[in-house]
Structures are given as C-alpha cells and as structure tokens.
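Have a look at the structure below, then the notes.
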Amino acid sequence: MRWRLIGLSLISFSLLFALHMVIPPQHSPFRPPDLNEPLGLATYAKLRHLKRNPLQCRDVLAAANVDFSIMPADEPAASCPLGETLVLERSMTRYNRAPMRFSCHQLAALYLWERRIVRPQAEKVFGTTLAEIQTYGTFSCRNIAGTEKRSEHAYANAIDIYGFIMQDGERVDIRQHWREKSPRGKFLARVHKGACRLFSVTLGPDFNADHADHFHLDMGSQTSCK
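Position in the sequence shown (from 1) plus 128 gives the number in the numbering used here.
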C-alpha cells in the first residue's frame with residue numbers, strides 16, 4: 129500500500145510539473161506574478177498573492193517600469209494611519225491627479241487595467257491612443273457613505289475614475305456617456321467589464337446614485353461587479 133501511495137504521488141507530481149511547463153504563464157497560478165505578461169486565467173489570483181507579498185509586489189511593478197516612490201508609514205496619531213504605501217509618479221498614461229497614494233497590489237491591478245484593457249480599447253473603439261485617465265483620487269480617510277465602516281479609500285486601496293481623454297481630444301465622461309449607444313458608451317462598457325477581471329470590487333452607475341458619475345475600483349476583501 130505504501131509503494132502504491134508513493135507511485136500515485138509521483139504520478140501526480142509529474143502531471144503537475146508537466147502542466148506547469150505546458151500551460152502559458154498567465155494561466156498558471158504556479159508561475160510568479162509578472163505585469164508584462166498578457167491577462168490570463170490566473171491573473172487575479174496572482175494579484176491577490178501580491179497583497180500578501182508587498183516586497184515582491186514592488187519588484188513586479190519596477191520590472192514593468194512603473195515609476196513609484198515609497199511613502200513611509202504614518203504616525204499612529206494620524207486619522208487613518210497606514211503602513212508603507214506607494215506613490216505613483218508615472219505610468220503609461222497621464223493621470224489628472226498624480227501623484228497618488230496606493231497600496232502596492234492596488235497599484236498593480238490599476239496598471240494592468242490601464243495597460244491591458246483601457247489603452248487597447250481606446251485604440252479599438254476610437255482608433256487613437258489614450259492620453260489621460262481622470263480620477264477623483266485614491267486615499268481618503270472616510271467611511272463608506274451612510275455606514276460606520278471604513279471605505280477602502282481609507283486604506284489607499286481604491287480609486288475613483290470619472291473619465292478619459294484620447295490623444296485626439298475625444299472625451300469620455302462616465303456620467304454623460306454610460307449606457308449611451310455610441311462608441312463612448314461601448315468603450316465604457318468594455319473597460320468596466322475588464323475591471324471586473326482584475327479588481328475585487330468594481331462599481332459603476334448601475335450600482336447606486338452615489339456612483340452615477342464614476343467607477344469605484346478596489347482590491348479589498350469583498351467581491352462585487354456592478
């Protein structure tokens with residue numbers, strides 16, 4: 129019986145190793161995170177892994193040429209004291225509110241959304257490149273509206289996006305163009321759907337009136353796509 133179990137274990141190990149070698153890295157949860165690889169079945173799991181490994185997360189961002197600085201931990205007396213966080217200095221696309229403060233895995237998810245979803249969709253829908261992402265910001269020491277629970281913004285773990293500007297001057301505004309039967313409406317639907325693949329929580333105008341003019345994207349402990 130013992131030899132049979134050893135044999136089964138060796139077969140299982142061999143199968144896992146074979147799968148590891150054959151499956152493309154973006155689909156394998158056993159491969160280390162890499163923000164330069166395409167999106168795959170394991171991308172979200174790898175982003176969650178980075179939440180538990182902040183030093184590896186910084187290395188992954190640096191390897192993708194994301195320009196960031198490290199903000200030291202807050203003093204304990206701060207209203208919403210945080211440990212070390214990152215400040216985005218430069219990405220592939222300009223942000224109207226940069227520099228902004230992020231948790232590392234939130235910044236990694238945002239970078240993938242920008243690089244693999246928003247920028248490609250701008251080119252597909254409008255035939256031009258994305259010039260600017262418009263945001264209300266990231267870190268904000270506040271509760272979720274109408275509750276006593278801290279918002280993910282209070283942990284530098286969320287961002288609110290309200291619009292986009294294309295290189296040719298085309299503007300896409302979430303309040304004005306959400307669900308519009310137009311290229312701008314199509315673009316918003318696609319980048320919202322794409323965000324659901326990467327972020328734990330993606331909320332838009334269909335969620336409630338508080339989100340009528342923006343997408344809320346966060347990497348907190350909850351899961352929702354609305």
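Idealized CB from N, CA, C, for every residue including glycine. Computed from a predicted model, the values in this text were never measured in an experiment.
Simplified DSSP state of residue 159, which is helix, strand or coil: Residue numbering aside, residue 159 sits at position 31 when the sequence shown is read from its first letter. Under the three-state reduction of DSSP, residue 159 is assigned to coil, being neither helix nor strand.
Selection from 279, 161, 165 that minimises the alpha carbon distance to residue 180: Locating residue 180 in the sequence shown gives position 52, counting from the first residue. Cα-wise, what sits closest to residue 180 is 161.
Candidates 285, 262, 266, 279: closest to residue 293 by CA position: For the purposes of this step, residue 293 is identified with residue 165 of the sequence shown, where counting begins at 1. Checking every option, the nearest Cα to that of residue 293 belongs to 262.
CA nearest to the CA of residue 202, picked from 211, 159, 279: For the purposes of this step, residue 202 is taken as residue 74 along the sequence shown, with counting starting at 1. Selection 211, 159, 279 evaluated against residue 202 yields 211 as nearest (Cα-Cα).
CB-CB length for residue 250 against residue 222, believed under 8 angstroms: Taking the first residue of the sequence shown as position 1, residue 250 is located at position 122. Taking the first residue of the sequence shown as position 1, residue 222 is located at position 94. Not a contact, Cβ separation roughly 13 angstroms.
Burial state of residue 183 (16 or more Cβ within 10 Å): Locating residue 183 in the sequence shown gives position 55, where the first residue counts as 1. For residue 183, the number of other beta carbons within 10 angstroms of its own is below 16, and it is reported as exposed.
Collapsed DSSP secondary structure at residue 213 in the structure displayed: The residue given as residue 213 occupies position 85 in the sequence shown. Note: residue 213 maps to strand in three-state DSSP.
Close beta carbons around residue 331, own chain, < 6 angstroms, minus the five adjacent residues each side: Looking up residue 331 in the sequence shown gives position 203. Close CB contacts of residue 331 within its chain, under the 6 angstroms cut and outside five residues either way in sequence, are with 339, 344, 354 (chain order).
Same chain only: Cβ atoms within 7 angstroms of residue 165, ignoring 5 sequence neighbours per side: Taking the sequence shown and counting its residues from 1, one reaches residue 165 at position 37. If we look at residue 165 and ignore the five residues flanking it on each side, its Cβ neighbours are 153, 154.
Residue 374 - containing beta strand (DSSP E), residue span: Residue 374 cannot be examined here, being either before or after the span of the chain that is shown, 129 to 354.
Contact belief for residue 290 with residue 342 at Cβ below 8 angstroms, rounded distance in angstroms: Stepping through the sequence shown from its first residue, residue 290 is reached at position 162. Stepping through the sequence shown from its first residue, residue 342 is reached at position 214. Taking 8 angstroms as the upper bound for CB-CB distance, residue 290 and residue 342 are in contact here, some 4 angstroms apart.
Spatial distance of residue 347 from residue 150 (CA atoms): Residue 347 sits at position 219 when you count from the first residue of the sequence shown. Residue 150 sits at position 22 when you count from the first residue of the sequence shown. Between residue 347 and residue 150, the C-alpha separation is close to 30 angstroms.
Backbone CA spacing between residue 234 and residue 305 [nearest angstrom]: The count along the sequence shown starts at 1 and reaches residue 234 at position 106. The count along the sequence shown starts at 1 and reaches residue 305 at position 177. Spanning the two alpha carbons is a distance of roughly 26 angstroms.
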